[in-house]
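Residue numbers (this note's numbering): 45 to 738. A short write-up of the structure that comes next.
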């Protein structure tokens, strides 16, 4: 064949700047494209053999070799696939964005499936020019009588093609790397990129360095394979007292180890996979040596092909800092990490792999095309996760509860982000109470309603008694009163108390427990938004933080004949505290708390606290909270001796120090003190102890 020169058939004056700067976002991706093309060529050849149109040579082992040569600044990709004739090189290489896979599928559409094809994306080969000044192809077609072809281009629009000297079927692509890309001629860098993109390609991939010194290994002679290159046989001397003949050893050239696992775990049937295999795969892929909590094996053939494994990792950090990794593959070809169109956002905190050959990718195979199909995939993944979790809740409640603290953040996030997921999960959500037992929301509501119904019943009896005494009330008025009472009860919401910090709010928790009251523990950052979500879903329920108010069960009732004196005590204490704390807007309430060990506590209404959190979220923390009424209310216990002392000894020199200490103690149990407040509190505590020494 005579040397042929020509111009690449393209619509642009020079396609390569576009490829370098637009089509591919990462320059190392050329490795994936080169290997993928080789896999495609091998897959085609095997299909031809299966269909009787070609007979593979005896002992054929499909493989791709990657050879780096730092001295010559080259990188070679060699496959033993079907190769190309001169006409095919002309058609598939000189016509950009036209893949041989399209023609191949058209010809054999009744005998094969597109799922088996990797290289039907178009521009893969030309990604080589992102890193190479020149690219050469040496190829020999499987067709009988075909002549080898040598093709070369230096990255412009011109190429040169002539008869080559390749003697084996397949293709060898040589990249002459440019000065900015010499890193890829380094064996360790090449291995890193191959492991990134090609760890699970369906063909074995071997990396080597040109002209490298051979490496050797010693094996038992019984383990010798026909393919091993023997250097020498070693016969060990028999040791004294050793029974039997010593094992014979063989020194061989070190066997090459494939970079790719051609049968990844996700491609197997879940029933064939063991726990140890799942854990080993997790550690290998994600370099995480902590054991995952559990996993979901996705295996779907209809209406689309999707396989994968999602792992639920043990979470030790707050939600905002959790970073999972979902690796997306297309026919075992790595595409990207965490593509949001396919993976529901709330599952990004998981670790896993998903392989979906049906995904519509753009020409660079690096991003998804806008397609309604993608949404179906995301919905399917979300549904499978919900099915797994609800199934575990019903059949393995013990482990479900054990995992709950770790998995609840992204389940709650999923409910916030995905209406369908939230609907599926609503009956499987559980909440830890003060005794660290897990209850469903239905259980929690029933408990809370039980308390409310008792109080309502008492109120109703009281109303009935009063109605009986007022014999002059008309029947019509009675009916109206009953209707009003019924409406009020209907509008009354069930209150569910919750804890956000078991240490900070321990005083409130102890008081609740002492009175047989319960609350649920919601300590995660996402719980603030989740509480609002629950209230929207359950209009008859309201959530109150345990320090939002003084629960009725924690207080003694003030007798009718004590009310006037109690009001005077209250007015006196309000005056004293506002004066000593220098805050005439300070909200002070006096209650008769059943726990006489508690002198003071602080409460902040749920609505005001949520407003304060919203201010903080939107960067308004520097504003004066009092502008929005978000200052905590100081509760003083009239049953405590210290509070009684203040009323009885208003002029004592110790009144200021007691007032300030009681206020800070109340705030300490409510929220962290500022650095200045804490400094003053510590100094004052020392002063109080000094008073004890006098």
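Even glycine gets a Cβ: it sits at the ideal position worked out from N, Cα and C. Predicted model, so just to flag it, every value in this text is computed and none were measured.
{"Query": "Separation of residue 453 from residue 114, as counted between CA atoms", "Result": "49 Å"}
{"Query": "Closest by C-alpha distance to residue 467, when choosing among 431, 451, 476, 482", "Result": "431"}
{"Query": "Cα-Cα separation, residue 317 to residue 480", "Result": "35 Å"}
{"Query": "Sub-7 Å separation of residue 637 and residue 680 beta-carbons", "Result": "no"}
{"Query": "Residue 77 versus 593, 457, 47, 170, residue with shortest Cα-Cα distance", "Result": "170"}
{"Query": "Separation of residue 75 from residue 241, as counted between CA atoms", "Result": "8 Å"}
{"Query": "Beta-carbon spacing of residue 537, residue 584 below 7 Å", "Result": "yes"}
{"Query": "Residue 397 burial status per 10 Å Cβ neighbour count (16 or more: buried)", "Result": "buried"}
{"Query": "4 or more residues per run - each alpha helix (DSSP H) lying fully within the stretch 561-618", "Result": "571-581"}
{"Query": "Meets three-Cβ-pair contact criterion under 8 Å: the stretch 619-633 and the stretch 565-572", "Result": "no"}
{"Query": "Sequence-distant residues of its chain with Cβ nearer than 7 Å to residue 545 (five each side left out)", "Result": "567"}
{"Query": "Residues near residue 372 by beta carbon distance below 7 Å, same chain, minus five either side", "Result": "379, 380, 383, 386, 398"}
{"Query": "Through-space distance from residue 448 to residue 455, alpha-carbon basis", "Result": "9 Å"}
{"Query": "Continuous alpha helix (DSSP H) assignments of at least 4 residues falling wholly in the stretch 291-358", "Result": "319-330"}
{"Query": "Cβ-based burial, residue 426 [other Cβ within 10 Å; buried from 16]", "Result": "buried"}
{"Query": "Residue 613 vs residue 699 beta-carbon contact at 7 Å", "Result": "no"}
{"Query": "Residue 512 - DSSP class collapsed to helix/strand/coil", "Result": "In this prediction, residue 512 has a pLDDT of 38, which is less than 50 and means its spatial position is unreliable; what the coordinates show is noted afterwards. Helix."}
{"Query": "Reduced DSSP secondary structure (H/G/I, E/B, other) of residue 269", "Result": "coil"}
{"Query": "Cross-strand partners of residue 251 (DSSP beta bridge)", "Result": "110"}
{"Query": "Residue span of the alpha helix (DSSP H) that contains residue 197, given as start and end", "Result": "Careful: residue 197 lies outside any alpha helix (DSSP H), inside the beta strand (DSSP E) at 193-197."}
{"Query": "The beta strand (DSSP E) enclosing residue 74, as first and last residue numbers", "Result": "Premise fails: residue 74 lies in the alpha helix (DSSP H), 73-94, not in any beta strand (DSSP E)."}
{"Query": "Nearest-angstrom Cα separation, counted from residue 216 out to residue 105", "Result": "17 Å"}
{"Query": "Cα-Cα separation between residue 233 and residue 375, rounded to whole angstroms", "Result": "24 Å"}
{"Query": "Burial state of residue 308 (16 or more Cβ within 10 Å)", "Result": "buried"}
{"Query": "Unbroken beta strand (DSSP E) run spanning residue 206, endpoints", "Result": "202-207"}
{"Query": "Residues of its chain near residue 276, where Cβ-Cβ distance is below 6 Å and the 5 sequence neighbours each way are ignored", "Result": "295"}
{"Query": "Sequence ranges, beta strand (DSSP E) only - wholly within the stretch 401-489, length at least 3", "Result": "474-476, 482-484"}
{"Query": "The stretch 637-646 / the stretch 702-714 touching (three or more Cβ pairs under 8 Å)", "Result": "yes"}
{"Query": "Meets three-Cβ-pair contact criterion under 8 Å: the stretch 297-315 and the stretch 250-258", "Result": "yes"}
{"Query": "Own chain, CB closer than 8 Å to residue 728, minus 5 neighbours either side, in chain order", "Result": "701, 704, 705, 708"}
{"Query": "Sheet register partners of residue 377 (DSSP bridge)", "Result": "374"}
{"Query": "Three-way DSSP call (helix, strand, coil) for residue 687 in this model", "Result": "helix"}
{"Query": "Contact check, residue 395 vs residue 338, beta carbons under 7 Å", "Result": "no"}
{"Query": "Cβ-based neighbour list, residue 389, same chain, cut-off 6 Å, excluding 5 preceding and 5 following", "Result": "461"}
{"Query": "From 93, 559, 195, residue whose alpha carbon lies closest to that of residue 131", "Result": "195"}
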